[in-house]
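Participant: Following this message is one structure expressed as structure tokens.
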Amino acid sequence: FILWMTIEKKMNFVLVPFKTFKNAKTRLRKDLSDLDTEYIVKIMLEDVLEQVSKSKIAEKKFILTADEEAIKIAKKLNIEILKEKNQISESSSVDKASSFLKKEGASGVLRLPGDIPLVTASNIESILEVGIKKKSSVLVPSESKTGTNAFYKYPPDVISSSFGANSFNKHVESFKKQKIKYEVLEIENIGLDIDSLEDLKKLKSSMNKCKTIECIKTLSLLPQEHRVLP
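Going by our numbering, the sequence shown opens with residue 1, and the numbers climb by one from there.
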């Protein structure tokens, strides 16, 4: 008798959750017009998805959204679509999608937000490499060390997500409480997420290159009552 042993391939996916353009960045809308805000959000999403599409380690890349315009952007970059009917919260959306992707063969899922325009494909590969090598989840904190700007979940349903205020500490505490292995990786490009006018000013002064920086250089970043998109 010949025994055939099936070796299950370990697959890693990238997941970019996105609300809708109309609901994105309420803090930024306090200082910029809706038109300017949605334009910046669009360019940021393009920057992130473009880098995601370049990942060679991730077998599949997805956007998770209910927004038709975001879906069009993703399709142009060959990003697969997970379409939502109802969006309760980012944590709920990511956890449901991650559980689904686990059934589709994912051993790990890297959640990346659409508002980290400085992210590069090499940054993405660095996170995946650490997670795969260590066989561990990976947390990448925000610049303030309070938010979770990237989260490699290994396995995809390892813990419940807690995105929002103080999410980094909540995720760390959850791992510790359940005695589950995790790694923390600080990546400057991923640390800066864009939520406010001050964040845009930091981005504008960056020495890095991305389409979002070129975009905001064309805007004067004045309060919205004075702003008209060129």
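Cβ coordinates follow ideal geometry from the N, Cα and C atoms, glycine included.
Remember, it's a predicted structure, so these values are computed and weren't measured experimentally.
Below 8 angstroms CB to CB, which residues in the same chain sit around Asn189 once its five sequence neighbours on both sides are set aside?
Facilitator: Ile116, Leu118, Val119, Thr120, Asn123 and Asn208
Participant: Flag this pair as touching only if the stretch 48–60 and the stretch 10–27 have three or more C-beta atom pairs under 8 angstroms; answer yes or no.
Facilitator: Output reads yes: the stretch 10–27 touches the stretch 48–60.
Participant: To the nearest angstrom, report how far apart Pro155 and Thr218 are at their CA atoms.
Facilitator: 43 angstroms
Participant: In terms of DSSP beta bridges, what is Val130 paired with?
Facilitator: In DSSP, Val130 forms no bridge with anything.
Participant: By the 10 Å Cβ neighbour count, where 16 or more other Cβ atoms means buried, how is Ile194 classified, buried or exposed?
Facilitator: buried
Participant: What runs of the beta strand (DSSP E), each 3 residues or longer, lie entirely inside the stretch 87–120?
Facilitator: 106–111
Participant: Does the stretch 178–185 come close enough to the stretch 128–143 that 3 or more CB-CB pairs lie under 8 angstroms?
Facilitator: yes
Participant: Determine the closest residue to Lys96 out of Ser107, Glu84 and Ser167, with distance taken between C-alpha atoms.
Facilitator: Glu84
Participant: Going by C-alpha distance, which of Asn166, Ile88, Leu32 and Val130 is nearest Val143?
Facilitator: Per the sequence shown, the amino acid found at residue 143 is Glu instead of Val. Considering only alpha carbons, the answer is Asn166.
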